[in-house]
Amino acid sequence: MQLILSDLKKSFDKQEVLRGASFTFETGHIYGLLGRNGAGKTTLFNCLNEDLKPDGGSVMLRGGNGTERPLAAEDLGYVLSTPIVPDFLTAREFLKFFLEINRGKIHKPQDPDDYLDYMQIDPADRGKLLKDFSHGMKNKMQMLIQFVADPPVLLLDEPLTSLDVVVAEEMKQLLRRRRADHITILSTHIMELALDLCDEIVILHNGVLAPVNREQLDDAAYKDRIIAALKEEQNV
Amino acid sequence: MFEAFWISTRLRISYRVNGILYWLKRIPLLGKLFPAAPYQIAGLKSFALVLAVIWELLTFFLGKLLYLCLFYLPAMSFFQEKHGVNLAAAFQHLFLFLTLAGAFAWNRFATSDANSHYAVFLLGMDAKRYALSNYLYFLFKTALGFAGIFVVAFLLQPDELRVSAVWILTLPLLVVASKLVESAGELALFRKTGRNLSDPSLQKIALVIPLLLIALAYGLPVLGWMIPSIVLYLLTGLLALLAIFAVLYLFRFREYRQLYQSYPYQLVTVAYVQKTTQEHYQKKLVLEASSDKTGCAYFNDLFFQRHKRLLLRPARIFAGIAAAALLALLAATQIYPDLAEKTSTNLIKTLPYLPMLMYYINRGQSTTQMLFFNCDYSMLSYRFYRQPSVILPLFWARLRMLVRINLRPAIVLAVGLPLLMLLCGGTEQPVDYLILPVTVLALSVFFSTHYLVLYYLLQPYTAGLQTKNPAYTAITSATYLVSWQGARMMGELMTPLLFGLACISFSLLYVAVALLLARRLAPKTFRLRQ
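This is the structure we're talking about:
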């Protein structure tokens, strides 16, 4: 499966953030989306998630048989950098609601507690209101909802930055396990995370997407190449 | 010192210039004419700077003029009319007490606001120089403002009020001296106890003293007492003398930075207020509730159960007040037969006021706000939540919930009003017994639907918890106008029966159209605003 972004454009008043971004993302890869502050990473994610309407371009999904169709709601999961969960529900209730309204769409649905086990959420916490969850726990819940929905494309905005080292490592393992049949794109500012977890680095610079080829470079040289690419002057 | 003042003034003016540009951009329609980033356009900035400077100059006089018009003129003419006192004497009396009260309540010395926070803590300015230069400027503005107004009043010499030339010097001196003495007192208190007047343990005193002075200002003339001029002048002299020591103390005091730190700082913005509202809702959340429903009904049921107190309490209070008012009226009509007769014949004529009453008791706007802050704010970030298969069933569940909440006070009125009519001797037209309750119920359903549909079609709140949709603001204001003026004007044009029928038909038609619109458009419009 491929996620094909073609000539995606988005401006805010006169400021062009996406200037015809194009890229083809492939199943089985974790992509690290890097860009400088204000480069438009979140705008790109918001356009893919239909939070923002792009001014132009298309987002298509190409299946294994070569047929293309527009990216639909159920094809995409989006994990925000600041986890937002409904404060008035417990973890178990949130999951129950999610499972019920997605009945028929979820492959082999399980009991909410089985999913919570999978995410290693303590049984004692499952009946607590989500408002009392820590930042990391909320993040886990947000991630879990996406794992349960299991969309072929998963967007993660600065996913692991606010987690403690143990939870961050657990999350990395989970993402690696899911890599085979998903397209995972994570935006981050942390180079080490990108190099550690991602198979490919894509930079968003001057409103367009471009891969940074690793070739035979070691980590340090690759890092230099990425930084050099991000430092390139704007083509006005 | 002057340099510190100049820097802080420039900081304050640029803060105000950016504020003006921000508001210019927000003016409906006109705002669109301004560029996206008006802060960079030199011409616009100069225009805003001129406005900011004019505003600064106006603050010399405008506030004081308003203060004199509001706090003096009505009271003075009242004292003259009822107690036959001399206007000039009444003015001097009020001025003395209100100035002393103002020394506590309106004394901008080293209090923490956005400007001082930026200057002292972010820009690292010298706290003492910042505090003193700005305070002296504040006092200068105050003295000049009052003196200017008294000069003009002296030259004009309005009828009845004999403006004394002595006021031009004495009264501004009284204001400045009392403020200086109070500030020195506050500093001494801080040095000794480490507390300032915003400290919870001192807040009561800080409130009671000015209130007591205000009570003396307005209360004594009612009792026939007024402070003679000589006391005013002697006290001014004494305070002026003390003020000299106060100024010395202010200049010797060193712990200005600590003083600023002792004030709780919070930049009060709209977003902050909304955030506090959200936290307030969250605090009232209770876990003990469950639901045996499924899907969207389950979700909404839990929302309702967990926020039951917040959602139902106002409706219950309205229902209680309505019931008590109806019972009291009923009791009164049983004691006074005249009143009973008047009630039975006139009750139906109050129909044109019903839309306003129902507008006030409706919980639509506050409930949708709560839905956003405590539920949709988080859930709308999930794409699955924005699908028609979730939006529409949830809309219906919420509509039922909102109608049920609003029906509580409505039912009390729908049952109580015809019953009152019956017990007061009845009406000549039996159809009144029907038209009155049905109108109440129809209006209740109308307002419930109105606010929920507006919320779904115009979703006015942003991810930053602000209200940011001019159309929503315009329509909610128009709702108020129509419920009040529109209904009254309609009521004058038609009989109560016809008015009732018009209300019912309008409500039914509106609800039908609104629901149809919600069904077609809500999946597209119910989004988190960026």
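Order-wise, the sequence lines are chains A and B.
Here my numbering = 1-based position in the first sequence + 521.
Here my numbering = 1-based position in the second sequence + 1159.
A virtual CB, placed ideally from N, CA and C, is assigned to each residue, including glycine.
The structure presented is a predicted model; accordingly, all values stated were derived computationally and were not measured.
One finds nothing in chain A with a Cβ atom closer than 7 angstroms to the Cβ of Phe1531 (chain B); even the nearest lies about 12 angstroms away. Inter-segment contact for the stretch 1524 to 1536 of chain B and the stretch 1459 to 1476 of chain B is present: three or more beta-carbon pairs are separated by less than 8 angstroms. Ranked by Cα distance from Gln1251 (chain B), the first of B:Arg1465, B:Val1325, B:Tyr1181 is B:Val1325. If only uninterrupted beta strand (DSSP E) runs of at least 3 residues are considered, none is enclosed by the stretch 1227 to 1313 of chain B. Runs of the alpha helix (DSSP H) lying entirely within the stretch 536 to 599 of chain A, each at least 4 residues long, are 562 to 569 in chain order.
The bridge partners DSSP lists for Phe533 (chain A) are A:Gln536. Going by DSSP, Ala1448 (chain B) is part of no beta strand (DSSP E) at all; its letter is neither H nor E. Taking C-beta atoms under 8 angstroms as the contact rule, Gly553 (chain A) and Leu725 (chain A) fail to qualify, at a distance of about 11 angstroms. The beta strand (DSSP E) runs of length 3 or more contained entirely in the stretch 711 to 748 of chain A are, from start to end of the chain, 721 to 726, 729 to 733. The DSSP-derived three-state label of Ser527 (chain A) is strand. Contact between Ile704 (chain A) and Met581 (chain A) is ruled out by a C-beta separation of about 13 angstroms, above the 8 angstroms threshold.
For Met1653 (chain B), same chain residues with a beta-carbon under 8 angstroms away, outside a window of 5 residues either side, are Ala1661 in chain order.
Thr1638 (chain B): member of the alpha helix (DSSP H) spanning 1629 to 1640, first to last residue.
Interface flag for Thr1453 (chain B) against chain A is set, since a Cβ pair is found closer than 8 angstroms.
In this structure, Leu1333 (chain B) and Leu1398 (chain B) form a Cβ contact; the two beta carbons are roughly 7 angstroms apart against a cut-off of 8 angstroms. Taking 8 angstroms as the CB threshold, Tyr599 (chain A) lines the interface with chain B. Assignment of Leu1576 (chain B) by DSSP, reduced to helix, strand and coil, places it in the helix class. Per DSSP, the continuous beta strand (DSSP E) segment holding Asp678 (chain A) begins and ends at 674 to 678. When only Cα atoms are considered, Tyr1422 (chain B) and Leu1170 (chain B) end up about 21 angstroms apart.
The shortest C-alpha to C-alpha distance from Glu1414 (chain B) to any of B:Leu1346, B:Asn1459, B:Ser1292 is the one to B:Leu1346.
Under the DSSP assignment, Ser708 (chain A) falls outside any alpha helix (DSSP H), being part of the beta strand (DSSP E) whose first and last residues are 704 to 708. By the beta-carbon neighbour count (other beta carbons within 10 angstroms, threshold 16), Pro1317 (chain B) is exposed. Setting aside the 5 residues that flank it on each side, Ala689 (chain A) is surrounded in the same chain by Leu681, each with a C-beta closer than 7 angstroms to its C-beta; the list follows chain order.
Bounds of the alpha helix (DSSP H) holding Met1529 (chain B) are 1523 to 1530.
Of all residues in the stretch 1510 to 1541 of chain B, the ones placed with a Cβ closer than 8 angstroms to any Cβ belonging to chain A are Asn1533, Cys1534, Tyr1536, Ser1537, Met1538, Ser1540, Tyr1541, in chain order. For Tyr1615 (chain B), none of the residues of chain A pass the 7 angstroms Cβ criterion, the least Cβ distance being about 17 angstroms. Counting of Cβ neighbours within 10 angstroms places Phe1404 (chain B) among the exposed residues, the total staying below 16.
Between Ser1167 (chain B) and Tyr1289 (chain B), the CB-CB gap stays under 8 angstroms.
Buried is the label assigned to Asp572 (chain A), since at least 16 other Cβ atoms lie within 10 Å of its Cβ. The distance from the Cβ of Leu716 (chain A) to that of Val723 (chain A) is about 13 angstroms, inconsistent with a contact at the 8 angstroms cut-off. Close partners of Ile666 (chain A) in chain B (Cβ separation under 9 angstroms): Tyr1541, Phe1543. The DSSP-derived three-state label of Thr1621 (chain B) is strand. Looking at the backbone, the Cα of Ala1234 (chain B) and that of Glu1500 (chain B) are separated by about 41 angstroms. Between His1466 (chain B) and chain A, the shortest Cβ-Cβ separation is below 8 angstroms. Taking 9 angstroms as the Cβ-Cβ cut-off, the stretch 532 to 559 of chain A approaches chain B at Phe533, Asp534, Lys535, Gln536, given in chain order.
Contact note: Asn623 (chain A) reaches chain B through Phe1543, using a C-beta cutoff of 7 angstroms and chain order.
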